[in-house]
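Residues in the sequence shown are numbered consecutively from 30, following our numbering.
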Amino acid sequence: MNMILGISLAVTNANSGGAAPTVIYYVDPAGSDAANGLSPATAWQTLSKVNGATIPAGASVLFKGGSTFTGSLNLVEARHYGSSGLITRYGSYGTGRATINTTTSTNYGIYAIDPKYVTIENLIVTGVGRTTSTASGVFLEVLKLASTRLPAVTLSNVDVSGFGDCGILAWSHPSDSSPSGFDDLTLLNCLVHDCCTTGNGIFMVSNAYGLKNLAPTFKRTIIRSCKVYDNPGGYASPTSHSGSGILLAQTDGALVESCEAYNNGAGNTYAQGPVGIWFYDTTNSIIQFCESHHNKTGLGTSDGDGFDLDGGCQNCTVQYCYSHDNYGQGYQLYQYNDPTNILSLTGNTIRYCISENDCQQNTATKGAFLLGSADNTRACSGNAIYGCTVFNSTASANAVYIFSNPNQFATSYVGNNIFYLTGASSKFILSSTSTAPALLFIGNCYSSPATSIKWGATTYTTFSNWRAAFPTQETVAGGATFKAANPSLVGTVPVGTIGGFDPLLLGAYKTQAASVCKNGGQDLNALYGISMGSRDLFGNTIPQGLYDIGCYETA
């Protein structure tokens, strides 16, 4: 079967159930816009022809693989999209992928206005360079009002580079209270790199700011197997988020999985900066099986983190992820101060994850985990960090940094985690306040050259002194719940970059059979009603006997 026939049959089966062949238009730089475009021998020639053509619902427009098409692919509702059951497709044919090369600094590579029932796949999109371009590579924009929901938009195997704003930007323009936006927007196997002076690698956001009074703009978004890297942000016009890898906002029911974000954010010079993969103003969403590493921030004073559930996140989860060598935190729970527009930070979970040698810059004011709130009026309740493993060999690392009044994290828990620090000046906990905390540490394993817990102005060098000052910490029914011992990991750490999530490459973080962590954890569900899930980072069923401490559950 040749390549052209293979594509034709695949589209026919997908869209017409084996009935009449789907219409396919071919585009070749050696073609002619005066031709009918219906075969490689009668191919169209230019992007302008496609932009002006009316494409039937369910048809395909295929650009010759290995060829470059200069300009922009501009798609509009009246001419270029499909309908329910008839997905219109734009992609490549022949050998390799076609390239859409935008040679104007203000033009997008692909610009889709009010897209629906459309798949864009197997294309390379290039701009004039991130320091020259002011546009995004792929821009999906909602312009309609009146509660328009746009379904079934997919980007697959698209490589974007050389744009100054975002690599891939999905944006809902309406600023009224109608719940306009995208349903089931999907990104698969996309690469975004060498973009971002003012924007982010992959960014989904709404002009209708805040979920507190509005329906979410994005519902059931999926970002899977995407790689976002070398997007520095911040050079020409620094903004607080520029240089983030993957950022979703105003979203409900999102899934980000099997993605890798690295070396983003180095150009951001704002005081509060970028993160590898994160959510804000988002509900009921999951980040899982991802690796986020070597992300940076230009000032080094804030962010440059691996993962973040930020202001307004509710019932969101980061699980089975690997963060390492980031300038900032490995994982962050943070509520910024905007009680008028933003939801409270409640019901979020970070579990069965690894943080390795995070906090590479300004370690004294960062931690493998950060819990913080600038909003002193609302509690950040019902959050939990459990079943994770932290390793850090820097001289003055912090396992947990509490940036705000710990009472803002009422009924929140840090449990069954391994904190394995080898630096002489490391601290297990660094809290910026001495207020008696509502945040509870339960069932953790602590290993360091010397015990150090700094709470406000006081540093505690023994667990007994710390627990005497705060009798609820590491205590259940009057008994101590912590382990102060080497966790006895199976392999040699650090592991370093693995190129995406693969638990087979993280086996060094399993604990030995004789480890104090085996059956050493607490049943957080029985104690506090925390659902602990059904598996560990490596896919093992939990519990096997009693709960273990850390990301590995051993039989």
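By construction, the Cβ of each residue, glycine as well, lies at the ideal position given by its N, Cα and C atoms.
Cβ-Cβ distances below 6 Å link residue 451 to 422 in the same chain, with the five nearest sequence neighbours on each side left out; the list follows chain order. C-alpha of residue 447 to C-alpha of residue 418: approximately 5 Å in a straight line. Exposure of residue 67 is indicated by the presence of fewer than 16 other C-beta atoms within 10 angstroms of its C-beta. In the three-state reduction of the DSSP assignment, residue 180 falls in the strand class. Inter-segment contact for the segment 351–360 and the segment 554–564 is absent: fewer than three beta-carbon pairs are separated by less than 8 Å.
By DSSP's assignment, residue 561 forms no beta bridge with any residue. For residue 166, the closest alpha carbon among the candidates 112, 115, 179 and 221 is that of 221. With distances taken between CA atoms, residue 97 lies nearest to 121 out of 105, 121 and 289.
In this structure residue 362 is in contact with residue 412, their Cβ atoms being roughly 6 Å apart against a cut-off of 8 Å. Setting aside the 5 residues that flank it on each side, residue 425 is surrounded in the same chain by 392, 393, 452, 454 and 455, each with a C-beta closer than 7 Å to its C-beta; the list follows chain order. According to DSSP, residue pairing for residue 309 in a beta bridge involves 278.
Note that the C-beta distance between residue 60 and residue 73 is below 8 Å. Your pair residue 214 and residue 247 checks out as a contact, with CB atoms roughly 6 Å apart and the cut at 8 Å. Residue 63 and residue 226 have their C-alpha atoms some 40 Å from each other. Between the C-alpha atoms of residue 290 and residue 384 there is a straight-line separation of about 15 Å.
The way I'd put it, the segment 362–377 doesn't touch the segment 541–550; fewer than three beta-carbon pairs between them come closer than 8 Å. For residue 55, the secondary structure class from DSSP, reduced to helix, strand or coil, is strand.
For residue 564, the number of other beta carbons within 10 angstroms of its own is below 16, and it is reported as exposed. Using a 10 angstroms sphere on the CB of residue 184, the tally of other CB atoms reaches 16 or more, which defines it as buried.
The residue from 91, 321, 497 and 462 with its alpha-carbon nearest to that of residue 531 is 321. By alpha-carbon distance to residue 146, the top candidate from 503, 173 and 116 is 116. At a Cβ-Cβ threshold of 8 Å, residue 83 and residue 118 do not count as neighbours. When beta bridges are read from the DSSP output, residue 253 appears opposite 217 and 286. Between residue 262 and residue 296, the gap from beta carbon to beta carbon is short of 8 Å. Runs of the beta strand (DSSP E) lying entirely within the segment 442–523, each at least 3 residues long, are 442–444, 447–450, 456–460, 469–471, 474–476, 482–484 and 487–489 in chain order. Residue 222 is bridged by DSSP to 190 and 258. For the pair residue 155 and residue 128, the CB atoms are nearer than the 8 Å cut-off.
Proximity to residue 313 across 341, 157, 358 and 484 peaks at 341, based on C-alpha coordinates. Burial check for residue 533: the Cβ neighbour count within 10 Å stays below 16, so the residue is exposed. With at least 16 other beta carbons inside 10 angstroms of its own, residue 378 counts as buried.
Secondary structure at residue 427: strand, using DSSP grouped into helix, strand and coil. Short of 7 Å from the beta carbon of residue 366, and not among the five residues preceding or following it, lie these beta carbons of its own chain, in chain order: 403 and 404.
Counting only runs of 4+ residues, the alpha helix (DSSP H) found wholly inside the segment 87–121 occupies 106–109, in chain order. In this structure, residue 164 sits away from residue 104, with a CB-CB distance that is not shorter than 8 Å. The C-alpha of residue 571 is placed about 13 Å away from the C-alpha of residue 445.
When DSSP states are grouped into helix, strand and coil, residue 173 belongs to the coil group.
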